[in-house]
Amino acid sequence: MTTTVYVPCDAAALAVGADDVAAALEQAATQRGIALNIIRNGSHGMLWLEPLIEVQTDAGRVAYGPVQADDIDSLLDAGCLTGGSHALGHGLTQAIPYLARQERLTFARVGIIDPRSIADYMAHGGFEGLKQALAMAPEDIVETVTQSGLRGRGGAAFPTGIKWKTVATTPAAQKYIVCNADEGDSGTFSDRLLMEGDPCTLIEGMTIAGLAVGASDGYLYIRSEYPQAIQTMQFAIDAARAAGWLGADIQGSGRRFDLEIRVGAGAYICGEETSLLESIEGKRGVVRAKPPLPAISGLFGKPTVINNVISLASVPIILARGAQHYRDFGMGRSHGTLPFQLAGNIAQGGLVEKAFGVTLRELLYDFGGGARSGRPLRAVQVGGPLGAWLPESQWDVPLDYEAYIKISAMVGHGGIVAFDDTVDMARMARWAMAFCAIESCGKCTPCRIGSTRGVETIERIAAGGPAREQQVTLLRDLCDTMLAGSLCALGGMTPIPVLSALNHFPQDFGLPARTEQPAQAA
Amino acid sequence: MVEPVIGREPTPTPCTPAITATHAVIAQHRDATGAMRPGSLLPVLHALQHELGWIPAETVPVLAQAMNLSRAEVHGVITFYPHFRSSAPARHIVEICQAESCQAMGSDALVEHAQQRLGCSMNTHTPNGHIALAPVYCLGLCAQSPAMMIDARPYARVTPERLDQLIARIEEAHA
Chain A
29 MTTTVYVPCD AAALAVGADD VAAALEQAAT QRGIALNIIR NGSHGMLWLE PLIEVQTDAG
89 RVAYGPVQAD DIDSLLDAGC LTGGSHALGH GLTQAIPYLA RQERLTFARV GIIDPRSIAD
149 YMAHGGFEGL KQALAMAPED IVETVTQSGL RGRGGAAFPT GIKWKTVATT PAAQKYIVCN
209 ADEGDSGTFS DRLLMEGDPC TLIEGMTIAG LAVGASDGYL YIRSEYPQAI QTMQFAIDAA
269 RAAGWLGADI QGSGRRFDLE IRVGAGAYIC GEETSLLESI EGKRGVVRAK PPLPAISGLF
329 GKPTVINNVI SLASVPIILA RGAQHYRDFG MGRSHGTLPF QLAGNIAQGG LVEKAFGVTL
389 RELLYDFGGG ARSGRPLRAV QVGGPLGAWL PESQWDVPLD YEAYIKISAM VGHGGIVAFD
449 DTVDMARMAR WAMAFCAIES CGKCTPCRIG STRGVETIER IAAGGPAREQ QVTLLRDLCD
509 TMLAGSLCAL GGMTPIPVLS ALNHFPQDFG LPARTEQPAQ AA
Chain B
1218 MVEPVIGREP TPTPCTPAIT ATHAVIAQHR DATGAMRPGS LLPVLHALQH ELGWIPAETV
1278 PVLAQAMNLS RAEVHGVITF YPHFRSSAPA RHIVEICQAE SCQAMGSDAL VEHAQQRLGC
1338 SMNTHTPNGH IALAPVYCLG LCAQSPAMMI DARPYARVTP ERLDQLIARI EEAHA
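As structure tokens, then:
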């Protein structure tokens, strides 16, 4: 009898030795005369347990991790192929509390299926959303997405259905779907995890978008730092085309949609939508002024839907199960789920897909298990390098777009980077400005020059001296200029981490500490 | 075949291996009618760098003529993107993530250690030209910081000891 064993091929697993584990497993099986079927799946997102291998048993999949190549013999000796107990064992994967307590909609298949098998994708509900969409009028698809309450998951939280409607109602012979997979923010990996674990969901979402707005072509822009994601997506696109899910006549419907991968080249700014369009056009990734909106005049001057990976990958389940099913998750005007990403100094880092409304404290402690260093957590940056630093007094605010805006923070794409009490927040504020200076495209002055002046000013504040208060005023003034005077979010939002660090952790800047009031969300 | 716009480009250049490779890469990016697909400069540059390891300056006029661009435009694109190299690289590249998440787990100390171990600073290479050290801003391995990449292979939860092992392995291969 052949036993099926899953060994992830996600970059997060490869980075800690998954290929060596797979090779050791294969070798040991040959030596012992055991018939094994090793499937390279995506990652479940419990990244502190990677490489997490799973054995298929009658009761379900049994998990072991983190497994290294030299653990294989002891695992086989312990009878892991029948789910035998071992120090690295975690029982049934689906019963692990970290996973069992999640609400997985967009990530329902990630870690479960073989990302290189269309058959496996379809056996787990794949292409059900596209089948629905093929039977619907385009305006009904747009209406369903609008009704679901889905908002842009890349960070800006603009309603996806409204964006699609603008493109759909703009007359043009050629329109485009562009997927932004330039996931450059530190602390984020949900796009990568999805592309490497369930690539067909993204293809399906982009195709549905194409049908909805009348676009026959799509581009998927993936950053060059993600070679594994590029490979997996290219394999899936070729397979989907061969199976008739992409191309001139999707499943005999007479409708056309095809898509092409474009690879970035290390420029962070290309995650900004207009800069990304310039890059696909073969130019320097310099930001465009808006208006015109890309929805009116986007790629090659044509109406263009540009959405983040998670936005597009959430569309298939909305079409498959209906707008109401998705809408019922979440709170307030934040409907559905967000794949939160626990990163930095955290014991149990990984991906947690939950409905909006969960608090940072629940994520940091109930899921994350506190700091990996064992020290107290002190500051947490939410929403990437342009997101605010949150002190402990704000960790009970529900993660909801509007509640976060009220405390001058942003949920963004749900990236969460935790720091313990050894962090120097003046240093982190300086870093925010320094990063902006490194990555600025140079088009507008507040970002290009303001960021460098910001680094210098923060250095002067940190150095102390009689002019410190004056320098703080100068820094706030500079932040004001960048906020109001920059063309895009890089210059316009770099002040957010700077000011939140200054406001919540003034003692790190040599300023008098302020007494924290617990923040309340209405 | 796209005709060069008059006055933009002189007819280039003697044939070197790099220029032969450039012509070959350009030919691969033409469609059945002989036209370049719109916006194909980045894919062409990726393919060329994959072929040569970098983008030599002598290829710029060839690229410009084939794509009906000015040399300034091609040069501008090559220099805008950190991924494209205008000089020959070291044989191996060690890229250490320096973004927030990795900072939270001691990437600054890891960089310090790597610089001492290799005897070169960030953005330079070892005296024998075998190993270059470069920063990278996020590899998407943020739950397992600090992370790095060596020749497109990812490594996470990297300790100074692990870094030493990996560097020793490279050095042995060239001993």
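Sequence lines, in order, name chains A and B. The C-terminal position of the first sequence is numbered 550 in my numbering, with every residue numbered one higher than the one before it. The C-terminal position of the second sequence is numbered 1392 in my numbering, with every residue numbered one higher than the one before it. Each residue gets a CB set at the ideal place from its N, CA and C atoms; glycine is no exception.
Interface flag, residue i vs chain D, CB-CB below 8 Å
i         : result
Met1322/B : No chain D is part of this structure, whose protein chains are labelled A and B.
Cβ-Cβ separation, residue j to residue i (assumed contact under 8 Å), whole Å
i         : j         : result
His1246/B : Pro1260/B : 6 Å
Gln369/A  : Phe463/A  : Between Phe463/A and Gln369/A the Cβ distance is about 19 Å, and since that is not below 8 Å, they are no contact.
Gly520/A  : Asn336/A  : Actually they do not touch by this definition, with Cβ atoms about 18 Å apart.
Ser479/A  : Thr522/A  : 6 Å
Arg283/A  : Leu162/A  : 7 Å
Gly440/A  : Gly212/A  : Wrong, their Cβ atoms sit about 13 Å apart, outside the cutoff.
Leu80/A   : Pro36/A   : 7 Å
Ser342/A  : Leu133/A  : 7 Å
Phe285/A  : Thr235/A  : 5 Å
Glu1312/B : Met1366/B : 5 Å
Cys1238/B : Glu1268/B : Looking at the sequence itself, residue 1238/B is Ala, so the reference to Cys does not match. Their Cβ separation, rounded to whole angstroms, is 5 Å, which keeps Ala1238/B and Glu1268/B in contact under 8 Å.
Ser1303/B : Ile1295/B : 6 Å
Own chain residues within Cβ distance below 8 Å of residue i, not counting five before or after
i        : result
Ala541/A : Pro534, Gln535
Trp417/A : Ala407, Val408, Gln409, Met453, Met456, Pro525, Ser528, Ala529, His532, Phe533
Tyr126/A : Met74, Gln376, Gly378, Val380, Phe395
Gln175/A : Gly189, Ala351, Gln352, Arg355
For residue i, the residue or residues it bridges with in DSSP
i         : result
Gly275/A  : Phe285/A
Gly165/A  : The displayed chain sequence assigns Ala, not Gly, to residue 165/A. Answer is none; Ala165/A lacks a bridge partner.
Pro474/A  : None; Pro474/A has no bridge partner.
Asp448/A  : Leu405/A
Tyr34/A   : Ile67/A, Glu82/A
Gly397/A  : According to DSSP, which records beta bridges pairwise, Gly397/A is partnered with nothing at all.
Gly372/A  : Ala446/A
Val410/A  : Ile444/A
Met359/A  : Ser362/A
Pro419/A  : Ala407/A
Arg334/A  : Reading off the sequence shown, one finds Ile at residue 334/A, where the question assumed Arg. Val206/A, per the DSSP bridge assignment.
Lys382/A  : Leu366/A
Thr197/A  : Paired residue(s): none; Thr197/A is not in a bridge.
Arg1247/B : Met1253/B
Cys291/A  : The displayed chain sequence assigns Val, not Cys, to residue 291/A. According to DSSP, which records beta bridges pairwise, Val291/A is partnered with Ile250/A.
Chain-order list of residues whose beta-carbon lies under 7 Å from that of residue i (same chain, five-residue window excluded)
i         : result
Ala293/A  : Ser252
Cys1337/B : Thr1343, Leu1350
Ile258/A  : Ile250, Ile289, Val291
8 Å Cβ cutoff met for residue i and residue j
i         : j         : result
Ala43/A   : Ala1364/B : yes
Leu120/A  : Ala97/A   : no
Val173/A  : Ile334/A  : no
Leu1258/B : Met1284/B : yes
Cys475/A  : Leu503/A  : no
Ile124/A  : Val49/A   : no
Val291/A  : Thr302/A  : no
Ala11/A   : Pro143/A  : Absent from the model: residue 11/A. The displayed extent of chain A is 29 to 550, so no value can be given.
Gly177/A  : Arg349/A  : no
Val445/A  : Gly215/A  : yes
Ala240/A  : Pro166/A  : yes
Gly442/A  : Pro344/A  : no
Tyr429/A  : Arg361/A  : yes
Tyr69/A   : Thr32/A   : In the sequence on display, residue 69/A carries Asn and not Tyr. Contact: no.
Thr229/A  : Leu221/A  : no
Cys1359/B : Ala371/A  : yes
Same chain only: Cβ atoms within 6 Å of residue i, ignoring 5 sequence neighbours per side
i         : result
Gln1382/B : none
Ala267/A  : Ile146
Arg137/A  : His152, Asp226
Arg1379/B : none
Met1218/B : With a pLDDT of 48 at Met1218/B, under the threshold of 50, the modelled position of that residue is not reliable, and no figure is offered here.
His118/A  : Ala91, Ile124
Arg1308/B : His1347
Thr332/A  : Tyr204, Val206, Pro322, Gly326
Leu1280/B : Val1291
Ala399/A  : Asn373, Leu405, Asp448
Residue i beta carbon near the ligand NAP (any heavy atom closer than 7 Å)
i         : result
Leu1356/B : Of the ligands one can find in the structure shown there are none, so the ligand NAP has no counterpart to examine.
| query | In chain order, which continuous runs of the alpha helix (DSSP H) of length 4 or greater are located wholly inside the stretch 38–110 of chain A? | reply | 39–42, 46–60, 100–105
| query | Which runs of the beta strand (DSSP E), 3 residues or longer, sit entirely within the stretch 205–270 of chain A? | reply | 245–250
| field | 3-residue-minimum beta strand (DSSP E) runs that sit fully inside the stretch 1303–1377 of chain B, ordered along the chain | value | 1309–1314, 1348–1353, 1365–1367, 1370–1372
| Residue ranges of each alpha helix (DSSP H) run of no fewer than 4 residues wholly in the stretch 454–523 of chain A, ordered along the chain? | 473–476, 478–491, 496–513, 517–521
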